[in-house]
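Numbering (our numbering), first residue to last: 266 to 604. In this text, a Cβ means the ideal position worked out from N, Cα and C, and glycines have one as well. Notes follow the structure.
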Amino acid sequence: MRRIFSSIYSIFFAAIVTLALTSADSDKTTTIFVIGDSTAANKDISNNKKERGWGMALQCYFTDDVRIDNHAVNGRSSISFFNEGRWTKVLEKMKPGDYVIIQFGHNDEKPGEKRHTDPGSTFDYMLARYVRETREHGGIPVLMNCVVRRNFFTSVPQNDDDEKLRTTTFKDGVKMVEGDTLIDTHGLYRVAPRDVAQRMNVHFVDANKITHDLEQGLGTEASKKLHMWFKPGEEPSVPEGRQDNTHYNVYGAHVVAKLLADALCEEIPLLKKYRCDADYTVDSKGRGDFMSLEDAMAAAQAKGQKTTTIQILGGEWQKPQLPKKSKIQFIMRENAKWK
């Protein structure tokens with residue numbers, strides 16, 4: 266009987282130790298929360314939809330020591346995000362030492378009273394509130410200004426709601442002449458986050474300039490490849506096409522996420538050791554470049570003889586049979602494993 270109790274105690278003690286170690290390991294993981302609008306948000310991936318937010322792709326550029334918890338939501342402004350109770354949920358999850366990326370502006374510009382704020386007053390107040398409350402909970406705030414819209418039109422088109430772009434087709438697109446110069450659509454909404462950051466001594470990443478330089482560098486035509494900009498018949502998920510100069514597709518979200526990850530690490534050098542890269546990422550949740558391993562391998566093989574790294578985020582996958590001289594290398598992350 267004594268041996269039985271001794272065995273039970275040993276098993277119980279081992280379980281407690283394992284639980285404690287697991288908890289300790291979990292506590293060591295730094296979380297980067299993202300709050301913002303549709304340009305950063307997680308998206309509906311049903312029926313192979315291609316729209317993505319840059320925050321959805323950000324995990325691909327940090328190791329598993331950093332967890333991206335993306336709370337950005339389509340259509341939200343700095344004040345509507347707060348009033349809907351979404352900020353409270355972030356605060357409840359936040360640990361001391363976690364980071365919060367704060368990026369609003371696209372919808373604060375809109376005229377509706379539930380979303381509108383004014384730069385220099387209510388917009389600045391809401392940004393400052395996020396900063397202050399992050400610090401009160403032991404977190405580290407990072408202000409970003411809004412990413413640019415792809416606006417090469419010689420005059421700024423009227424836009425009362427970016428969310429309506431999802432219900433449009435190619436033929437509904439704005440019929441205006443495009444020039445060679447990207448024209449700003451955000452005005453003082455891109456300036457206010459920098460002002461608040463300077464006043465409150467907060468980390469700041471100039472996402473507006475980063476994406477401006479990206480789109481301007483690509484030019485009028487090539488920049489379309491970043492966005493949900495498809496001609497009829499070009500993309501099966503939007504058969505009638507679309508001219509959406511605000512929201513990113515898979516490719517665009519990853520280009521922007523990678524640039525912002527680099528900028529974040531420059532602003533906060535402590536994060537550099539967690540920065541990672543791969544040629545392609547596969548993730549069944551839509552965070553990667555591909556949702557299937559077969560598609561990623563096809564892209565790798567199309568590159569020819571160059572060594573290609575494919576990282577896999579979570580799940581069980583059928584291990585492919587590769588030739589001995591294959592130059593494809595796999596990186597298993599988030600407990601991903603072969604069947």
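Proximity to residue i [Cα-Cα], best of the options
i, options, result
"Leu-408", "Ser-591, Ile-533, Phe-495 and Asp-329", "Ile-533"
"Tyr-539", "Thr-546, Val-547, Tyr-545 and Cys-530", "Cys-530"
"Val-365", "Phe-417, Lys-537, Lys-590 and Ile-333", "Ile-333"
"Gln-576", "Asn-416, Arg-552 and Asp-373", "Arg-552"
"Gln-368", "Gln-566, Thr-419 and Ala-393", "Ala-393"
"Leu-483", "Val-461, Ala-522, Arg-415 and Glu-428", "Arg-415"
"Gly-403", "Thr-295, Ala-564 and Glu-559", "Thr-295"
"Ala-337", "Asn-372, Asp-329 and Phe-327", "Asn-372"
"Cys-541", "Lys-590, Ile-300 and Asp-329", "Asp-329"
"Lys-592", "Phe-327, Trp-603, Asp-544 and Arg-598", "Asp-544"
"Thr-485", "His-451, His-492, Phe-417 and Lys-496", "Phe-417"
"Asp-383", "Glu-401, Ser-557, Tyr-513 and Ala-457", "Ala-457"
"Arg-598", "Thr-574, Lys-589, His-381 and Pro-585", "Thr-574"
"Arg-341", "Asp-460, Met-391 and Phe-327", "Met-391"
"Glu-581", "Val-547, Thr-387 and Asp-445", "Val-547"
"Lys-590", "Lys-571, Asp-445, Asp-460 and Lys-293", "Lys-571"
Pairwise C-alpha distance: residue j and residue i
i, j, result
"Asp-554", "Lys-379", "35 Å"
"Gly-498", "Phe-435", "10 Å"
"Phe-595", "Ser-549", "16 Å"
"Gly-350", "Ile-405", "20 Å"
"Asp-527", "Val-515", "19 Å"
"Gly-517", "Ala-305", "11 Å"
"Cys-411", "Leu-535", "24 Å"
"Arg-267", "Thr-353", "Only weak support is given to the placement of Arg-267: the predicted model assigns it a pLDDT of 41, under 50, and the value that follows is read from those uncertain coordinates. Taking the straight line joining both Cα atoms gives about 51 Å."
"Glu-298", "Val-331", "Note that residue 298 corresponds to Phe in the displayed sequence, not to Glu. So the alpha carbons of these two residues sit roughly 10 Å apart."
"Leu-525", "Gly-301", "14 Å"
"Lys-489", "Leu-587", "36 Å"
"Thr-419", "Gly-569", "42 Å"
"Thr-287", "Phe-495", "Confidence in Thr-287 is poor, its pLDDT being 37 and thus under 50, which makes the residue's placement too unreliable to answer from."
"Gly-377", "Tyr-513", "24 Å"
"Ala-561", "Gln-583", "13 Å"
"Ser-487", "Ser-303", "It is worth fixing the name first, because residue 487 is Ala in this sequence and not Ser. In a straight line, the C-alpha of Ala-487 is about 22 Å away from that of Ser-303."
"Ser-557", "Ser-345", "36 Å"
"His-451", "Glu-559", "41 Å"
"Val-461", "Phe-388", "10 Å"
CB contact check: residue i to chain C, cutoff 8 Å
i, result
"Thr-434", "In the displayed structure, chain C is absent; only one protein chain is listed."
Extent of the continuous beta strand (DSSP E) to which residue i belongs
i, result
"Met-409", "405–409"
"Phe-417", "Here Phe-417 belongs to no beta strand (DSSP E), and DSSP marks it neither H nor E."
"Ile-577", "573–578"
Cβ separation of residue i and residue j, assumed to be a contact under 8 Å, to the nearest whole Å
i, j, result
"Val-520", "Leu-479", "7 Å"
"Leu-453", "Glu-398", "24 Å between Cβ atoms; not a contact."
"Ser-502", "Asn-312", "6 Å"
"Arg-455", "Gly-318", "With a Cβ gap of about 18 Å, Arg-455 and Gly-318 do not count as contacting."
"Lys-308", "Glu-500", "The pair is not a contact, with the Cβ atoms about 15 Å apart (cut-off 8 Å)."
"Leu-578", "Ala-564", "Actually they do not touch by this definition, with Cβ atoms about 16 Å apart."
"Lys-375", "Asp-425", "6 Å"
"Val-413", "His-492", "At roughly 11 Å, the Cβ-Cβ gap does not stay under 8 Å, so Val-413 and His-492 are not in contact."
"Leu-430", "Gln-481", "No, Leu-430 and Gln-481 are not in contact; Cβ-Cβ is about 21 Å, not under 8 Å."
N-terminal and C-terminal residue of the alpha helix (DSSP H) that residue i is part of
i, result
"Met-597", "Segment 593–598 is the beta strand (DSSP E) holding Met-597; no alpha helix (DSSP H) there."
"Asp-389", "387–401"
"His-519", "515–532"
"Phe-346", "343–348"
At least three beta-carbon pairs within less than 8 Å, the stretch 348–360 to the stretch 316–330: No, the stretch 348–360 does not touch the stretch 316–330.
Three CB pairs or more closer than 8 Å across the stretch 464–481 and the stretch 427–441: At 8 Å Cβ cutoff, the stretches do not touch.
Given 8 Å, three or more beta-carbon pairs between the stretch 506–524 and the stretch 452–470: no
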